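Under my numbering, the first residue of the sequence shown is numbered 9, with each subsequent residue one higher. The C-beta atom is built at its ideal place from N, Cα and C for all residues, glycine as well. Just so it is clear, the structure is predicted and the values come from calculations on it, not from any experiment. Everything on this sheet refers to the single structure shown next.
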Amino acid sequence: MAKNPNPDGKGQVPVLAALAAGQQAALAVPPKHIEQVSVELFTSLFVLESDFGFQPVVGRPYWMYQKEGRFWLSHIPPQEWSPVVYGRYIGECELQDDMSWTLMLADEVAGDDTFMTYLEEKRARFEETLESADSLEDALPVHESRLPFYQRAYAYGLANSLGASMEQSGIRGLTYNEARGLLTHQEE
Numbered sequence: 009m010a011k012n013p014n015p016d017g018k019g020q021v022p023v024l025a026a027l028a029a030g031q032q033a034a035l036a037v038p039p040k041h042i043e044q045v046s047v048e049l050f051t052s053l054f055v056l057e058s059d060f061g062f063q064p065v066v067g068r069p070y071w072m073y074q075k076e077g078r079f080w081l082s083h084i085p086p087q088e089w090s091p092v093v094y095g096r097y098i099g100e101c102e103l104q105d106d107m108s109w110t111l112m113l114a115d116e117v118a119g120d121d122t123f124m125t126y127l128e129e130k131r132a133r134f135e136e137t138l139e140s141a142d143s144l145e146d147a148l149p150v151h152e153s154r155l156p157f158y159q160r161a162y163a164y165g166l167a168n169s170l171g172a173s174m175e176q177s178g179i180r181g182l183t184y185n186e187a188r189g190l191l192t193h194q195e196e
């Protein structure tokens, strides 16, 4: 029997459906201030940079693990796993309606100083990237060619959603520091 030339079913129809879902998510997002955009973008990119080969569903929990320095998502909850096979349990992730991701760290991980230092350093590098971008739009993951198909499609949806939210907030064309300055003035 001939080998399936498209085993993942990633032809034109699924690609167009994934892009449409990303654009649809942008239609109903509320305005968000820069700190919320920053947190959601960082968390979502952290999740999307992990390995997974399935199409995530909004509102369904997934579990992040770390093995041999790599992060990956699974359908299998930690109660049903073996650390030898799956690695260290990091936390529970969920895809939101607006294509952003949440990540609730496991208590053991949240109390691990080494992991938290790693996460803080990763966040600091992310902040540097935001600060060096010409505008907030330039920092959005519109096309992340380094990511596999599903991660790239969901990053595109996230970029559309956050872009629409920033447009409503009036911060879309601003730099990261200008948007933070605007937030400071609004709080005063």
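Under the three-state DSSP convention, the category residue i falls into
| i | result |
| --- | --- |
| GLY61 | coil |
| ILE42 | helix |
| ALA34 | In this prediction, ALA34 has a pLDDT of 49, which is less than 50 and means its spatial position is unreliable; what the coordinates show is noted afterwards. The answer is helix: DSSP assigns ALA34 an H, G or I state. |
| GLU76 | coil |
| GLY189 | helix |
| ARG160 | helix |
| GLY67 | coil |
| SER143 | coil |
| SER177 | helix |
| MET9 | With a pLDDT of only 47 at MET9, under the threshold of 50, the placement of this residue in the model should not be trusted; the figure read from the coordinates follows. Of the three classes helix, strand and coil, the one that applies to MET9 here is coil, per DSSP. |
| VAL55 | helix |
| LEU49 | helix |
| ARG133 | helix |
| TYR184 | helix |
| SER169 | helix |
| LEU138 | helix |
Of the residues the options, the one placed nearest residue i, counting alpha carbons only
| i | options | result |
| --- | --- | --- |
| ALA163 | VAL47, LEU56, GLU43 and PHE50 | LEU56 |
| PHE60 | PHE79, ASN185, GLU136 and VAL117 | PHE79 |
| ALA147 | PHE134, TYR158, PRO156 and LEU155 | PHE134 |
| PHE62 | ARG154, GLN44, SER143 and ARG160 | ARG160 |
| LEU103 | GLU128, GLY171, ARG131 and LEU53 | LEU53 |
| ASP142 | GLN87, ALA187, HIS151 and SER82 | ALA187 |
| PRO86 | VAL66, PHE50, GLU116 and PRO64 | GLU116 |
| ALA114 | VAL92, TYR70 and GLU145 | TYR70 |
| GLU100 | GLY67, GLN44 and PHE157 | GLY67 |
| TRP109 | GLU88, LEU49 and PRO156 | LEU49 |
| GLU139 | ILE84, SER82 and LEU182 | LEU182 |
| LEU170 | LYS130, MET112, GLY119 and VAL150 | VAL150 |
Residue i, buried or exposed, once every other Cβ within 10 Å from all chains shown has been counted against 16
| i | result |
| --- | --- |
| MET107 | buried |
| SER58 | buried |
| ASN201 | No answer is possible for residue 201: the residues shown for the chain start at 9 and end at 196. |
| GLY30 | Only weak support exists for where GLY30 lies, its pLDDT of 48 falling under 50; the coordinates are left without a value. |
| PRO91 | exposed |
| GLY165 | buried |
| ALA172 | buried |
| SER153 | exposed |
Okay, do the region 35 to 49 and the region 171 to 180 touch, 3+ Cβ pairs below 8 angstroms being the bar? With contact defined as three or more Cβ pairs closer than 8 angstroms, the region 35 to 49 and the region 171 to 180 are in contact.
In chain order, which continuous runs of the beta strand (DSSP E) of length 3 or greater are located wholly inside the region 81 to 131? With a minimum length of 3 residues, the continuous beta strand (DSSP E) runs that stay inside the region 81 to 131 are 96 to 103 and 109 to 113.
Using a Cβ distance threshold of 8 angstroms, determine whether the region 90 to 104 contacts the region 62 to 75, with at least three qualifying pairs required. The region 90 to 104 is in contact with the region 62 to 75.
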